[in-house]
Structure formats: structure tokens, C-alpha cells
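First to last, the protein sequences are chains A and B. If you're matching positions, the first sequence starts at 3 in our numbering and goes up one per residue. If you're matching positions, the second sequence starts at 1061 in our numbering and goes up one per residue. Below is one structure, written out as C-alpha cells, with a few remarks after it.
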Amino acid sequence: MSGKYQKVAYYPGCALEGTGHAYNRSTKALGKALGLEITELKNWNCCGAMEVKNIDPKLQTYLSARNLSIAEDMGFSTVMAPCNGCYHNLKKAEYDLANDPASREVNGRLSNKAGHKTYEAGKVETIHALDWIKQAIGEQGLKERVKNSLRGLKVANYYGCMYTRPRHIFPEKDRGPGSESTSQPHFMDDLLAAAGAENVEYPLKTACCGGAHTLSDSDTSTKLVLNLLTTAEACGADVIATECPTCHTGLEMHQARAEKVFGKKTSVKILYFTQLLGMALGLSPRKVGVHENFSESRDLLRAKGLA
Amino acid sequence: MTIDRDISLDAIAARIDWIAEAPDETLVASAPQLAAELLALGEAILERWLTAHGGIPTQGAVEGFRLLALHRQGARGDPSFNACRETCRELVYQHNLAQSAPIGPQAVRALRLGAMVARHLALFIGGKLEVAGLGEFCCSSRPLRQSDAAAPAIETVISGA
């Protein structure tokens, strides 16, 4: 264990308290099984998500900066956000505060008005759950802890859009060997391979799922998701591994909708990478929240000896 | 390879589906031609977007591929267009695999995956033609990216590369 990220602040965000609860449960269970400490931010607020960002991006910067300020006040130099949207927004706030004087001015004004310390760029590092496991434990550390190998499980790793875009808010990526790639992300592939899974070639690992338009233009979202699912199946995948609650829910819901509306049935399963790693460490499917997923994967897990 | 300029997005999608579902023997028999056709269909998809927005699709190339130049042209001033950046690059990659692999299973696999990637591009652009904001989920740092609109024209970028 490297020691880096051994103790981090935890920002679950709204989705992990709702539709993405299985991700919340499995992230916490995985951390505990690996001996990593996470401390949830006290009185955290929404990261600004899509709604605030689209209307007033500087207000979104403030909302995310407030969470970073809380982490700093709690004595943490690192905050881990498993949700791609939260992770993206905290990184964007960091970028804005470092590069945009107007954003700094708004953040300072609103922080004063709210009566808390103004967050300044560079004080707290935001990482994703993938960075957390990759850096704190690493592939070798995982291999040593695997009790129930994922051997025989073919996985398509789907990273979604917000984990790598836009590139300029992720200065630590694309730094060569050991760093994450924005064009061909691989951290999830690396970790699941270490747990014994067989990663399949998946050419749509960062392709759009139509997430933001899932309600306003459902047919487009369903068609995009259906292509993600059929491509994963064509690549031989049993499972699509996810690392974002919005992607995960979108894949699950539109898998059902594709069958209902377009008569297109797909059987590939959808699981969070934290659920797969947790089961590889010997945790039960229930312990990692498989029963909270919308799609049913227990038959497959039983067939693979994971349940 | 050139594609009929008047071909509709639906017709493009139908041709892509045909390639994706063609028997192995058909794909093996004309792998290099079909790889080139998939790339041209990808270009035709991006042309639909550009012309629908009053643009003149570039004839230039980025890294040797017109598809990538068309993507860069479409993304200028519209960061949400970057949601199909890797899709375009994957299409080029599968094209290259299909072109360079020995005629056989590898080429067939590259063609099938290339067709699925091209299908995603068609769905994404078709969706954006209906709802322009599609793709903004990931690229919502729009205010910071507006300066991209004032970037040098694509031809300048290419000649300077």
C-alpha cells in the first residue's frame, strides 16, 4: 500500500443518496475491505450539477468550492468523489478558481455572504474513486487481496463522458505511463484485470449515452444506450462495468425501455466497478448492493461463482 | 471514396446497419472497400451537421483524416460536439485495423466494430440535429470555451500542423 489516499474526505453527492445508492454502499464497503478510511464531508451541498451550471456557471463554481472549503476545514488535502458529475464539477471549480478572476470574485463574495471561509485553488485535490483505489492500493495490492477471482468474467468498461472531458480541467491526466488517459481511459480496466476479470475491447468506452436528455428526448437516449449495449455484447462482454451513477442508471433504465419500446432485448449485465471489486475481495453481492441495482445480474454472478 | 452529397442520415444509418449485420463472407470479400466506405459514411454524417448549420465542410485533414478535420470544424465554438471526439477517433482506428489486418477474422471484427462506432456517430449527430444540447452533459464548461470560437480557421490549423 502506497499510503497515498489512505485517508480521504468523501463527497458522495446527491445521486449516491438516491438512484446510485448501490454505488455509495459498494464504495464504502470496498474502502472498508481494503483498509482505507473515508470521512464524509459535513453538511455538504449539491455540486451544482447540470441545472445550476447551465444557468449560472459561476454559482456552480461557488457551490463546488464550498464543498472543497469544508474538506479543507476538516483538515483534508484530498476529497474523493465517486460520481463522475460531482468529480467533474469539483475539478471544474478548481480550474475556474485558478484561471478565472471573475469566478474568484463571485466565490469570495458568496462565501462572505454565507459566512464561511473562501476556498482558494490548490488547497484540496479532487480525485475519483478510480484514482483512490488505483493509487492507494494499486493492481499488485488488489491481486494480493483477491479471495474470489473474477476469472471468466468478460467485462466492457464504460467510463462515460464526464470523467475525461473537457481535458483542460484534468491536468494530472495524459502525463504518460502511470497516469490516466483522456482518449483511452484505462484505470477501471487495470483494476478489474487485477481482480481477474477479462476486459474486452470496447470501442465506445467514452461515447455519449444521451444522459442529459434521458427525460426530454428519451428515444435518442434509448437508441444511444442500445448501441452501447449491443456493441458490448458484440465485443463478448458479460458485464458492462460503470463508474458513474448517471451512466449506470441510464444504461439500466434504457435497457428495459429498449425492449419495451423498440422490441430490442439485450442481456449484458450492468454493475458498478466497486461492486465487482468488492465481490472479488470476498464481499457478498448484498454487501455491495447488487440487490439495489435495477437490472438483475444474480444469475450471472451465481454462474461465475461470485454469489 | 465519396458518398452521395444528398444522401439522408436515415439512408446512411441503414447502410451502416447493413455493414454491421452482413455475413462474414461478404465482409471478407471486400474488407478494404468497406473500411473506406465506413470512414466516408462518418464524414457524410459530420457534413450533415455542418451544412445544417450553414457551414462549408472542410476538405482538409487532421492527422491524415478528413473525418477528424470535420470533427474539429464542428467542435469550434460548440464544446458539446466533443462528445463525439473519441467516437470519430475510434472510427479511424477501426478503419486502419480493417485496412491493415490480413483478410480474415481480424478484419471482419474491425469492420463490425467500426460499423457500430459509425452507428453511434449517426445516432449522436441525428440526436443533436433534433436537440442541439445533446452532449452538453460532459462539456458544460461552455463559458470558458467560448474563446474557441475565435480560434484560427481549420485550414490554418492544418497547414500549421
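By construction, the Cβ of each residue, glycine as well, lies at the ideal position given by its N, Cα and C atoms. Just so we're clear, the structure is a prediction, and the values are computed from it rather than from any experiment.
Do residue j and residue i count as a contact pair if the criterion is CB distance below 7 angstroms?
i          : j          : result
Leu1127(B) : Cys1144(B) : no
His256(A)  : Val227(A)  : yes
Lys207(A)  : Tyr161(A)  : yes
Ala197(A)  : Ala282(A)  : yes
Gly1099(B) : Pro205(A)  : Note that residue 1099(B) is Leu in the sequence shown, not Gly. Result no, Cβ atoms of Leu1099(B) and Pro205(A) do not sit closer than 7 angstroms.
Val1177(B) : Leu1087(B) : no
Leu65(A)   : Asn47(A)   : yes
Ser28(A)   : Gln186(A)  : no
Cys249(A)  : Cys211(A)  : yes
Tyr25(A)   : Pro168(A)  : no
Ile1079(B) : Ala1104(B) : no
Ile1076(B) : Arg1179(B) : yes
Leu193(A)  : Ile129(A)  : no
Leu1110(B) : Gly1137(B) : no
Gly87(A)   : Ala51(A)   : yes
Assuming the contact rule is C-beta atoms closer than 8 angstroms, residue i and residue j should be a hit. Round their C-beta distance to whole Å, please.
i          : j          : result
Ala31(A)   : Cys85(A)   : Ala31(A) to Cys85(A), Cβ: 17 angstroms. No contact.
Glu235(A)  : Phe296(A)  : About 18 angstroms separates the two Cβ atoms, so there is no contact after all.
Ala1170(B) : Ala1158(B) : 4 angstroms
Leu43(A)   : Tyr89(A)   : Not quite, the Cβ-Cβ distance comes to about 14 angstroms (not below 8 angstroms), so this is no contact.
Ala67(A)   : Ala100(A)  : Going by Cβ atoms, the distance from Ala67(A) to Ala100(A) rounds to 11 angstroms, so no, they are not a contact pair.
Met76(A)   : Ala131(A)  : Their Cβ separation, rounded to whole angstroms, is 19 angstroms, which puts Met76(A) and Ala131(A) out of contact at 8 angstroms.
Met138(A)  : Lys34(A)   : According to the sequence displayed, residue 138(A) carries Ala and not Met. Between Lys34(A) and Ala138(A) the Cβ distance is about 13 angstroms, and since that is not below 8 angstroms, they are no contact.
Phe1016(B) : Val1152(B) : No answer is possible for residue 1016(B): the residues shown for chain B start at 1061 and end at 1221.
Arg300(A)  : Val292(A)  : 7 angstroms
Ala1095(B) : His1155(B) : 5 angstroms
Tell me the residue span of the alpha helix (DSSP H) that contains residue i.
i          : result
Asn159(A)  : Not the alpha helix (DSSP H): Asn159(A) falls in the beta strand (DSSP E), residues Lys156 to Tyr160.
Glu1190(B) : Pro1165 to Glu1190
Ile72(A)   : Pro59 to Asp75
Pro135(A)  : Just to set this straight, residue 135(A) is Ile in the shown sequence, not Pro. Note, Ile135(A): alpha helix (DSSP H), Ala131 to Ala138.
Ala1095(B) : Ala1091 to Ala1112
Tyr97(A)   : Asn86 to Asn101
Tyr25(A)   : His23 to Leu36
Glu225(A)  : This sequence places Lys at residue 225(A); Glu is not what is there. Here the alpha helix (DSSP H) through Lys225(A) covers Ser220 to Ala236.
Lys125(A)  : That residue, Lys125(A), is in no alpha helix (DSSP H); it is neither H nor E in DSSP.
Ile171(A)  : No alpha helix (DSSP H) contains Ile171(A), which DSSP labels as neither H nor E.
Lys262(A)  : Pro247 to Phe264
Tyr1153(B) : Arg1145 to Ser1160
Gly1134(B) : Arg1126 to Ala1135
Leu303(A)  : Arg300 to Ala305
Glu1081(B) : Leu1069 to Glu1081
Met190(A)  : Phe189 to Ala196
Got a sec? Which residues, its chain only, sit under 7 angstroms from residue i by beta carbon, not counting five neighbours each side?
i          : result
Asp98(A)   : Thr63 and Ser105
Ile1218(B) : A caution first: Ile1218(B) carries a pLDDT of 40, below 50, which makes its placement in the model unreliable, though a value can still be read off. The answer, listed in chain order, is Gly1120, Ala1121, Val1122 and Ala1129.
Cys1198(B) : Low confidence applies to Cys1198(B): its pLDDT is 49, below 50, so where it sits in the model is not reliable, and the reading given next is rough at best. So the list reads Ala1143, once near-sequence residues are dropped.
Ala123(A)  : Glu96, Leu99 and Ala100
Lys145(A)  : Ala196
Ser1200(B) : Low confidence applies here, because Ser1200(B) scores a pLDDT of 42, under 50, leaving its location unreliable; read the following figure in that light. Excluding residues within five positions, none has a Cβ falling inside 7 angstroms.
Cys163(A)  : Thr208 and Cys210
Val54(A)   : Leu61, Gln62 and Leu65
Glu1081(B) : none
Ala1222(B) : Here chain B comprises residues numbered 1061 to 1221, so residue 1222(B) is not present and cannot be evaluated.
Glu1190(B) : none
From which residue to which residue does the beta strand (DSSP E) around residue i run?
i         : result
Thr244(A) : Val241 to Thr244
Thr120(A) : Taken as a continuous stretch (DSSP letters only), Thr120(A) belongs to no beta strand (DSSP E), as it is neither H nor E.
Ile40(A)  : Glu39 to Glu42
Met82(A)  : Thr80 to Ala83
Tyr12(A)  : Lys9 to Tyr12
Leu273(A) : Lys271 to Tyr274
Grab me the residues of residue i's own chain with a C-beta within less than 8 angstroms of its C-beta, minus the 5 sequence neighbours each way, in chain order.
i          : result
Val202(A)  : Lys156, Val157, Ala158, Ala234, Cys237, Gly238 and Ala239
Lys119(A)  : Ser71, Glu74, Asp75 and Ser113
Asn127(A)  : According to the sequence as given, residue 127(A) is Glu; it is not Asn. So the list reads Ser79, Thr80 and Val81, once near-sequence residues are dropped.
Met190(A)  : Leu132, Asn159, Tyr161, Ala243, Glu245 and Phe275
Pro1093(B) : Per the sequence shown, residue 1093(B) should be read as Gln rather than Pro. Taken in chain order, the residues that qualify are Met1061.
Lys93(A)   : Thr128, Ile171 and Phe172
Thr232(A)  : Lys266 and Thr268
Gly1164(B) : Val1088
Less than 6 angstroms between C-beta atoms, sequence neighbours within five positions excluded: which residues of the same chain meet that for residue i?
i          : result
Leu1069(B) : Arg1108 and Gly1186
Lys60(A)   : Ser105 and Val108
Trp200(A)  : The amino acid occupying residue 200(A) in the given sequence is Glu; Trp does not appear at that position. The residues are Lys156.
Ile259(A)  : One point to set straight first is that residue 259(A) is Arg, not Ile, in the sequence displayed. Once the five neighbours on either side are set aside, the close Cβ partners of Arg259(A) are Thr224.
**Asked** What residues in the region 1146–1162 of chain B have a beta carbon less than 7 angstroms from any beta carbon of chain A?
**Response** Residues Glu1146, Thr1147, Arg1149, Glu1150 and Gln1154.
**Item:** Within 7 angstroms of chain A by C-beta, residues of the region 1096–1123 of chain B in sequence order
**Value:** Of all residues in the region 1096–1123 of chain B, none has a C-beta nearer than 7 angstroms to a C-beta of chain A.
**Message:** Using a Cβ-Cβ cutoff of 8 angstroms, what residues of the region 1133–1144 of chain B are near chain A? List them in chain order.
**Reply:** Taking 8 angstroms as the Cβ-Cβ cut-off against chain A, the residues of the region 1133–1144 of chain B that qualify are Pro1139, Asn1142, Ala1143 and Cys1144.
**Request:** Below 7 angstroms between beta carbons is the criterion; list the residues of the region 185–202 of chain A that meet it against any residue of chain B, in chain order.
**Result:** So the close ones are Ser185.
**Residues of the region 147–170 of chain A whose Cβ lies closer than 7 angstroms to any Cβ of chain B, in chain order** = Of all residues in the region 147–170 of chain A, the ones placed with a Cβ closer than 7 angstroms to any Cβ belonging to chain B are Cys163, Met164, Arg167 and Pro168, in chain order.
**Message:** Against chain B, which members of the region 233–256 of chain A pass a CB distance test of less than 9 angstroms?
**Reply:** Those residues of the region 233–256 of chain A placed with their C-beta closer than 9 angstroms to a C-beta in chain B are Thr233, Ala236, Cys237 and Thr248, ordered along the chain.
**chain A contacts from the region 1164–1190 of chain B (Cβ-Cβ distance under 7 angstroms)** = Residues passing the 7 angstroms Cβ filter: Arg1172, Leu1173, Met1176, Val1177, Arg1179, His1180, Leu1183, Phe1184, Gly1187 and Glu1190.
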